[in-house]
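This report concerns only the one structure given below.
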Amino acid sequence: MLRIRPVADGDCRTLWYWVNDPVSRASAFRSAPISWDEHVTWFGKASIDPTCHIYILLSQNDQPVGQVRFNVGVDRSAEVDISLAPERRGEGLGAEGLRLACAHLFKDAQISRIVAHIKPDNLASIRTFEKAGFVRRGERAMRGHASVRLELDNSFCSQPQHGSTASQPKPEESEMSDNLVFRLATPSDDARILELFRLSFGRELPLEWWKWFNYRCPCGANRTSIIEDLDTGQVVGSYSLLPIKLLLNDSEVSASLCTNVNTHPDYQRRGLFTRISNYALGREKDFGTPVSLGMPNQKAYPGHMKVGWEVLCPLPFLVKHDCRQRSHACREVDSFDERLDQFLSRISSRFSFLVLKDHHFMNWRVVTRPDKEYTKYVCEEGSDLKGYVVLKHFDDQGYRKSHILDIQAETDDILCELLAAAESFAHGRDELNMWTNPHNPYAHSILAQGFYERESQDQLIIHFNFGERTPLREQAWWFCLADNDVY
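If you count the sequence shown from 1, position 293 lands on 293 in this note's numbering, and the numbers rise without skipping.
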């Protein structure tokens, strides 16, 4: 059974995480991600606005699981908006939360009806509102989009519904076999892990790539936790974390990158995603790894949120079309040397968040990788390295992209030279792109070169493995395509 309370100052960041969840953004009439600064400004105004009522939905153990917001108009009607914690979707909490919040609003405010506008293709939300007692009142335009209008009048029964079964375990979880073992993988498990990947995703990982990725990273071997079914001998789940070095605020810390989580198709919907996640992340604490990073796809996102991951920031793209040949002062290289380490030591103090990649790591990542080819340019002054850029072509169903996987520069002039080299590399392609984030120190200069920002579903998430959250200074963050294992 849910409870309700008014919003508090401490809810600001939680609401920001929820509103920037990809599912929430896709269903909103304004789908672009909302920046932290924009959210803080809105939250400050909404908190003191007498026409805005925000309620926080609480679970039985007093954990926030959602919010319901009402904006009261001059015609004694209120517009309603609801969002749930991503990990609690699908439990029937939406209708229960709406009934509870609407009952409170009818009691607290002198209004005659509550109105909702929902995109016509968002059938799940429409059903949720109807289950809560709302009635369809046709369709109309809403902020340039078609919408279904639903209404609830003040004759609505104000008594909250009881008997929620959201906390009851799924039958499959209690009936699961006891012959499942959770452990760290060894090289003898490689063939079964690769077979699990094939069954889960319908494609094969080349053994050569697996050996490169799993065992040759300069920061250490990939730590893969597995679930083994002792009855069949199969590996039925895996969770991989790649060791990396991370600059976090003023400290260099050991961190890890979540590169793959999957469960056997025949074992899904049994809670194994949660169990292998908790096991693997618990082992990271044993390894002395305070934080892990990840970029989950939309299918895996709710599962990650359920085990304590947090959204760090969205990762939209900076994009440029019609790239042309440009003169530049950069030199193409085959590999990186110790000068990269010296360069990194000079620029790292600018950042409060940065994956540290010395020349050993960079050569492993973009020189020795067996399945992809990368182009590397450097900008030099005498014998000193002043900047670099890593590039790659990618064809996506006939659409020809070029990626800036990584770029770093000591000055704005050096950055412009590297961008000129990147544009020349992308000449004749459909677009040149790269990841950005709300605290990208290069964003202004890159936008000045004719790039524009395009939203994406990509988000950077973080897990604090020691249990205590470390506040991150919003000084300058850098996270690029080269920091992900896919590109």
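All C-beta atoms, glycine included, are put in the ideal place defined by N, C-alpha and C. Please read these numbers as outputs of a predicted model, since none were measured by experiment.
Next item on the list: Look at the Cβ atom of residue 436, then the Cβ atom of residue 410, and state whether they are nearer than 9 Å.
Entry: Against the sequence shown, residue 436 aligns to sequence position 436. Against the sequence shown, residue 410 aligns to sequence position 410. No.
Note to self: I'd like the span of the beta strand (DSSP E) that includes residue 435, first residue to last.
What the structure shows: For the purposes of this step, residue 435 is taken as residue 435 along the sequence shown, with counting starting at 1. Where residue 435 is concerned, the enclosing beta strand (DSSP E) stretches over 431–435.
Next item on the list: Consult DSSP for residue 327 and reduce its assignment to one of helix, strand or coil.
Entry: Locating residue 327 in the sequence shown gives position 327, counting from the first residue. Looking at residue 327 - three-state DSSP - the assignment turns out to be coil, as it is neither helix nor strand.
Notebook entry, point to check: At a cut of 8 Å, does the region 319–330 reach the region 100–116 through at least three beta carbon pairs?
Noted result: no
Notebook entry, point to check: By how many angstroms is the C-alpha of residue 71 removed from the C-alpha of residue 51?
Noted result: Residue numbering aside, residue 51 sits at position 51 when the sequence shown is read from its first letter. Residue numbering aside, residue 71 sits at position 71 when the sequence shown is read from its first letter. Taking the straight line from one Cα to the other gives about 6 Å.
Next item on the list: Give me the Cα-Cα distance between residue 373 and residue 140, rounded to the nearest whole angstrom.
Entry: Here the question's residue 373 lines up with position 373 in the sequence shown. Here the question's residue 140 lines up with position 140 in the sequence shown. Cα-Cα distance, rounded: 51 Å.
Checklist line | N- and C-terminal bounds of the beta strand (DSSP E) containing residue 53 | finding: The residue you call residue 53 lines up with position 53 of the sequence shown. Unbroken beta strand (DSSP E) run through residue 53: 52–58.
Check: Anyone know if the C-beta pair for residue 344 and residue 334 falls short of 9 Å?
Finding: The residue labelled residue 344 in the question sits at position 344 within the sequence shown. The residue labelled residue 334 in the question sits at position 334 within the sequence shown. No. Outside cutoff.
Next item on the list: Evaluate residue 221 with the Cβ neighbour count: other Cβ atoms within 10 Å of its Cβ, from every protein chain shown; 16 or more gives buried, anything less gives exposed.
Entry: Position 221 of the sequence shown holds residue 221. Exposed: under 16 other Cβ atoms inside 10 Å.
Next item on the list: Can you tell me the Cβ-Cβ gap for residue 209 and residue 371, rounded? I've got them flagged as a contact below 8 Å.
Entry: Working through the sequence shown from its first residue, we reach residue 209 at position 209. Working through the sequence shown from its first residue, we reach residue 371 at position 371. That belief holds up - the Cβ atoms of residue 209 and residue 371 are roughly 5 Å apart, short of 8 Å.
Checklist line | Residue nearest to residue 95 in terms of C-alpha spacing, selected from 120, 133 and 403 | finding: For the purposes of this step, residue 95 is identified with residue 95 of the sequence shown, where counting begins at 1. Of the listed residues, the one whose Cα sits closest to residue 95 is 133.
Note to self: Cutting at 7 Å between CB atoms, please list the residues of its own chain near residue 394, excluding the five before and the five after it.
What the structure shows: Taking the sequence shown and counting its residues from 1, the one referred to as residue 394 is at position 394. Cβ neighbours of residue 394 beyond the five flanking positions: 401 and 403.
Margin query: Can you tell me where the beta strand (DSSP E) holding residue 471 begins and where it ends?
Written below: Along the sequence shown, one-based indexing puts residue 471 at 471. Note, residue 471: premise wrong, no beta strand (DSSP E); not H, not E.
Margin query: Give me the residue from 317, 331, 271 and 285 with the minimum Cα distance to residue 304.
Written below: Taking the first residue of the sequence shown as position 1, residue 304 is located at position 304. Of the candidates 317, 331, 271 and 285, the one whose C-alpha sits nearest the C-alpha of residue 304 is 271.
Item checked: beta strand (DSSP E) runs contained entirely in the region 16–52, provided each spans 3 or more residues -> none
Next item on the list: List the whole-angstrom C-beta distance separating residue 416 from residue 449, where the pair is believed to meet the contact cut-off of C-beta under 8 Å.
Entry: Against the sequence shown, residue 416 aligns to sequence position 416. Against the sequence shown, residue 449 aligns to sequence position 449. With a Cβ gap of about 7 Å, residue 416 and residue 449 count as contacting.
Check: In three-state DSSP terms, what is residue 286?
Finding: Against the sequence shown, residue 286 aligns to sequence position 286. Residue 286: helix per DSSP, three-state reduction.
Next item on the list: Return the residue from the list 57, 76 and 146 that minimises the CA-CA distance to residue 28.
Entry: Position 28 of the sequence shown holds residue 28. Taking only the C-alpha atoms, the option nearest residue 28 is 146.
Check: How many angstroms separate the CA atom of residue 414 from the CA atom of residue 347?
Finding: Counting from 1 along the sequence shown, the entry for residue 414 is found at position 414. Counting from 1 along the sequence shown, the entry for residue 347 is found at position 347. Distance between the alpha carbons of residue 414 and residue 347: 13 Å.
Notebook entry, point to check: In the structure shown, what three-state DSSP assignment does residue 395 receive?
Noted result: Looking up residue 395 in the sequence shown gives position 395. Note: residue 395 maps to strand in three-state DSSP.
Next item on the list: For residue 238, count neighbouring C-beta atoms within 10 Å of its own C-beta (all shown protein chains included) and say buried if the count is 16 or more, exposed if not.
Entry: Within the sequence shown, the letter at position 238 stands for residue 238. Buried, by the Cβ-count rule.
Next item on the list: Could you tell me whether the Cβ atoms of residue 58 and residue 98 are closer together than 9 Å?
Entry: Here residue 58 is taken as the residue at index 58 of the sequence shown, counted from 1. Here residue 98 is taken as the residue at index 98 of the sequence shown, counted from 1. Not a contact, by the Cβ cut-off of 9 Å.
Item checked: Whole-number beta carbon distance between residue 249 and residue 472, since they are thought to touch under 8 Å -> As a first step, residue 472 must be located in the sequence shown, where it is residue number 472. As a first step, residue 249 must be located in the sequence shown, where it is residue number 249. Right, their Cβ atoms sit about 7 Å apart.
Next item on the list: Could you check which residue in 388, 310 and 60 has the C-alpha nearest to that of residue 419?
Entry: Your numbering for residue 419 matches position 419 in the sequence shown. The candidate whose alpha carbon is nearest that of residue 419 is 388.
Notebook entry, point to check: Just how far apart, CA to CA, sit residue 54 and residue 76?
Noted result: As a working note, residue 54 is residue 54 in the sequence shown. As a working note, residue 76 is residue 76 in the sequence shown. When rounded, the distance between both Cα atoms is 17 Å.
Margin query: Please classify residue 204 as buried or exposed, where buried requires at least 16 other C-beta atoms within 10 Å of its C-beta.
Written below: The sequence position of residue 204 within the sequence shown is 204, counting from 1. With fewer than 16 other Cβ atoms within 10 Å, it is exposed.
Notebook entry, point to check: Which term fits residue 193, buried or exposed, when burial requires 16 or more other beta carbons within 10 angstroms of its beta carbon?
Noted result: Here residue 193 is taken as the residue at index 193 of the sequence shown, counted from 1. Buried, because 16 or more other Cβ atoms sit within 10 Å of the Cβ of residue 193.
Next item on the list: Please report how far the alpha carbon of residue 185 lies from the alpha carbon of residue 225, in whole angstroms.
Entry: As a position in the sequence shown, residue 185 is number 185, starting the count at 1. As a position in the sequence shown, residue 225 is number 225, starting the count at 1. Those two C-alpha atoms are separated by around 6 Å.
Notebook entry, point to check: What three-state label does DSSP hand residue 356 in the structure shown?
Noted result: Here residue 356 corresponds to residue number 356 of the sequence shown, with the count starting at 1. Strand.
Margin query: Nearest by alpha-carbon distance to residue 488: which of 100, 478 and 442 is it?
Written below: This structure gives no information on residue 488, because the portion of the chain shown stretches from 1 to 487.
Note to self: When you measure from the CB of residue 348 to every non-hydrogen atom of the ligand HEM, does any distance come out below 8 Å?
What the structure shows: What this structure holds is no ligand at all, so the ligand HEM is not there to describe.
Item checked: Nonlocal neighbours in the same chain, by C-beta distance under 7 Å from residue 369, ignoring five residues either side -> Here residue 369 corresponds to residue number 369 of the sequence shown, with the count starting at 1. Once the five neighbours on either side are set aside, the close Cβ partners of residue 369 are 212.
Next item on the list: Closer than 7 Å by C-beta to residue 116: which residues in its own chain qualify, once you throw out the five before and the five after it? Chain order, please.
Entry: What you label residue 116 is simply residue 116 of the sequence shown in a count that begins at 1. Counting only Cβ-Cβ distances below 7 Å, and skipping sequence neighbours, we find 80, 129, 134 and 150.
Check: Helix, strand or coil for residue 211 per DSSP?
Finding: Along the sequence shown, one-based indexing puts residue 211 at 211. Residue 211: helix per DSSP, three-state reduction.
Next item on the list: In the DSSP assignment, find the beta strand (DSSP E) that holds residue 442 and state where it starts and stops.
Entry: Position 442 of the sequence shown holds residue 442. Counting along the chain, residue 442 falls outside any beta strand (DSSP E), and DSSP gives it neither H nor E.
Check: Which same chain residues, not among the five before or five after residue 64, have their C-beta less than 8 Å away from its C-beta?
Finding: Within the sequence shown, the letter at position 64 stands for residue 64. Within the same chain, residue 64 has close Cβ partners 11, 14, 56, 57, 58 and 85.
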